[in-house]
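Before any comments, here is the structure.
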Amino acid sequence: MSLSRRAFVRTLGIGGAGAFSTALIVGRGREALAWGPDPVEEMLQASPDTVMIILSSNENARGPGKAALDALNGRADFKVGRYQRDISREDLPAAIAKSLGHGAQAENILTSTGSSHILEAGVRAYVSVGRPLVTGTPSYGNPARSTRAMGAEVREVPVDSNLRLDLDGMADAAQGAGLVFLCNPNNPTSATHPAEKVSAFIEHVVSSSPGTGILVDEAYIDYATDPSVASAIAESLTYPGVFLARTFSKAYGMAGLRLGYAAGQTGTLDKLSRAWGLGEVSLLTASAAIASLNDPSHMEWEREENRKVRDFTINELGKMGFESAESQTNFLFVDIGRSAAEFREACRALGVSVGRDFPPMEQTHARISLGTMEEMQRALEVFRQVLTN
Numbered sequence: 010m011s012l013s014r015r016a017f018v019r020t021l022g023i024g025g026a027g028a029f030s031t032a033l034i035v036g037r038g039r040e041a042l043a044w045g046p047d048p049v050e051e052m053l054q055a056s057p058d059t060v061m062i063i064l065s066s067n068e069n070a071r072g073p074g075k076a077a078l079d080a081l082n083g084r085a086d087f088k089v090g091r092y093q094r095d096i097s098r099e100d101l102p103a104a105i106a107k108s109l110g111h112g113a114q115a116e117n118i119l120t121s122t123g124s125s126h127i128l129e130a131g132v133r134a135y136v137s138v139g140r141p142l143v144t145g146t147p148s149y150g151n152p153a154r155s156t157r158a159m160g161a162e163v164r165e166v167p168v169d170s171n172l173r174l175d176l177d178g179m180a181d182a183a184q185g186a187g188l189v190f191l192c193n194p195n196n197p198t199s200a201t202h203p204a205e206k207v208s209a210f211i212e213h214v215v216s217s218s219p220g221t222g223i224l225v226d227e228a229y230i231d232y233a234t235d236p237s238v239a240s241a242i243a244e245s246l247t248y249p250g251v252f253l254a255r256t257f258s259k260a261y262g263m264a265g266l267r268l269g270y271a272a273g274q275t276g277t278l279d280k281l282s283r284a285w286g287l288g289e290v291s292l293l294t295a296s297a298a299i300a301s302l303n304d305p306s307h308m309e310w311e312r313e314e315n316r317k318v319r320d321f322t323i324n325e326l327g328k329m330g331f332e333s334a335e336s337q338t339n340f341l342f343v344d345i346g347r348s349a350a351e352f353r354e355a356c357r358a359l360g361v362s363v364g365r366d367f368p369p370m371e372q373t374h375a376r377i378s379l380g381t382m383e384e385m386q387r388a389l390e391v392f393r394q395v396l397t398n
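Here the sequence shown stands for residues 10 to 398, where the numbers follow the working numbering.
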């Protein structure tokens with residue numbers, strides 16, 4: 010039985026303390042803040058009998074785990090009216106460092122209100138006129154936009170035929186650069202390099218272009234199910250100027266709570282903190298994050314649920330004749346054989362919101378974020394109608 014959007018909104022409790030308030034708080038991340046419409050607005054603009062499915066901002070449709078929600082509820086009482094011990098400065102970095110392993114300590118972690126601040130700090134700290142940014146194309150665009158806004162050069166290296174970042178090309182372009190931005194897994198193409206290749210790339214750039222910073226954006230690495238894919242935490246602790254940007258917005262389902270962090274040597278982190286304001290992580294956010302880190306079984310469950318949905322969606326799109334790039338993420342980059350704008354508008358009219366344009370591949374490919382299995386089953390019916398008729 011279909012549920013009208015207004016009935017859906019009433020059921021979820023907008024305006025009250027219902028489940029939707031929590032879902033909305035944790036649901037929106039750096040992509041949505043920069044590019045996407047408000048989820049409630051999207052739902053209310055849909056046709057009267059349609060609940061809009063949001064597959065446009067790479068969010069976690071399942072939200073945070075029970076431990077995180079319990080931590081939020083446990084802190085949300087009258088005591089928030091008083092100043093309390095700042096767990097975001099001590100307990101949170103220590104918990105993050107422990108989860109990363111490789112001997113990381115609290116001093117190797119720099120938290121921020123979203124990983125977008127870490128990316129901005131990286132550009133501000135390492136890029137200048139005469140010291141360009143090196144990035145793939147298409148890749149996550151904020152560092153390139155920030156660089157251009159500063160009047161500095163961007164060296165863009167096209168992805169390879171498998172839609173992976175061209176590491177050899179980026180290493181060549183890195184000579185004399187200020188910063189290399191390596192998004193692994195890459196957004197929007199979803200393709201990922203194994204840890205061995207990333208490590209070799211970092212070592213090569215460090216030795217061939219001393220002074221060039223390397224920012225490895227690992228926003229989606231928690232979704233990786235390929236055992237060859239792993240964090241570059243060891244390299245960030247080994248080499249000055251090499252640092253990670255990571256987030257609780259994706260697999261941890263806490264996008265709306267705004268928590269990201271950098272990992273690296275203390276001197277590197279000091280340089281970042283001086284370059285850009287990183288914000289103050291709230292007590293509620295820190296509590297939820299620590300609880301999530303102390304509940305690894307939920308992350309294992311989340312990763313497996315996402316894999317099931319990912320495999321199902323890739324298979325169903327393949328049956329329609331549309332190929333998806335290899336994915337270790339919670340989104341797909343699909344060759345739809347037409348413009349992303351055309352596909353996006355047709356899907357939106359039928360109640361499904363998909364990703365924005367990603368030049369230079371916007372005439373052939375679309376990015377589709379993964380929702381729940383139920384959401385993807387419905388969305389695939391829309392895709393079938395749009396793509397095969």
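Glycine included, C-beta positions come from ideal geometry on N, C-alpha and C.
Everything numeric in this text was worked out from a predicted model, so none of it was measured.
The three-state secondary structure of A272, taken from DSSP, is strand. A distance below 6 Å between beta-carbons, with the five flanking residues on each side excluded, links S108 to the following residues of its chain, in chain order: L302. Inclusion of N193 and E227 in the CB contact set at 9 Å is warranted, their separation being smaller than that value. Excluding five sequence positions before and after F257, the CB atoms of its chain that fall closer than 6 Å to its own CB belong to M263, L268, A298, given in chain order. Judged by beta-carbon spacing, V391 lies beyond the 9 Å limit of G364, meaning their Cβ atoms are not closer than that value. In this structure R387 is in contact with I62, their Cβ atoms being roughly 6 Å apart against a cut-off of 8 Å. Put simply, the backbone Cα of R255 is about 5 Å away from that of Y270.
Counting of Cβ neighbours within 10 angstroms places Y92 among the exposed residues, the total staying below 16. Classified as exposed, G220 has fewer than 16 neighbouring CB atoms from the shown chains inside 10 Å of its CB.
Non-local beta-carbon contacts of R164 in its own chain, meaning distances under 6 Å to residues more than five positions away in sequence, involve P141, V143, A182 in chain order. With 16 or more other Cβ atoms from the protein chains shown falling within 10 Å of its own Cβ, K259 counts as buried.
Rounded to whole angstroms, the separation of the alpha carbons of A76 and V214 is 41 Å.
Residue environment for G187: buried (at least 16 other C-beta atoms within 10 angstroms of its C-beta). Taking every protein chain shown into account, the CB of F190 has 16 or more other CB atoms within 10 angstroms, so this residue is buried. Checking the DSSP bridge columns, you'll see P167 partnered with T146.
DSSP places H126 in the helix class (H, G or I) of the three-state scheme. Linking D95 to G286 through their CA atoms gives a straight-line distance of about 18 Å. For V207, the enclosing alpha helix (DSSP H) stretches over residues 204 to 217.
For T201, the closest C-alpha among the options E212, V225, Q114, G185 is that of V225. Shown here, V363 sits in a strand according to DSSP, grouped into three states. Under a 10 Å Cβ-count criterion, S333 is classified as buried, with 16 or more other Cβ atoms of the shown protein chains found around its own Cβ. For the 9 Å CB-CB criterion, I230 and S245 do not form a contact. For S108, the uninterrupted alpha helix (DSSP H) segment begins and ends at 100 to 109.
In this structure, A295 sits near L101, with a CB-CB distance shorter than 9 Å. Bounds of the alpha helix (DSSP H) holding R312 are 305 to 328. Here the C-alpha atom of A350 lies approximately 13 Å from the C-alpha atom of S65.
Taking all protein chains shown into account, G123 has 16 or more neighbouring C-beta atoms within 10 Å of its C-beta and is therefore buried.
When the beta-carbon positions are compared, L396 and T322 stay at least 9 Å from each other. Within the same chain, Cβ atoms closer than 7 Å to the Cβ of S137 are found at A161, G187, the five residues on either side in sequence being excluded. Take G178, set aside five residues on each side of it, and the residues of its chain with a beta-carbon closer than 7 Å to its own are V166, in chain order. DSSP, reduced to helix, strand and coil, places V225 within a strand of the structure shown. Between F210 and L266, the C-beta gap is not smaller than 9 Å, which leaves the two residues out of contact.
Straight-line measurement puts the Cα of L341 at about 16 Å from the Cα of R347.
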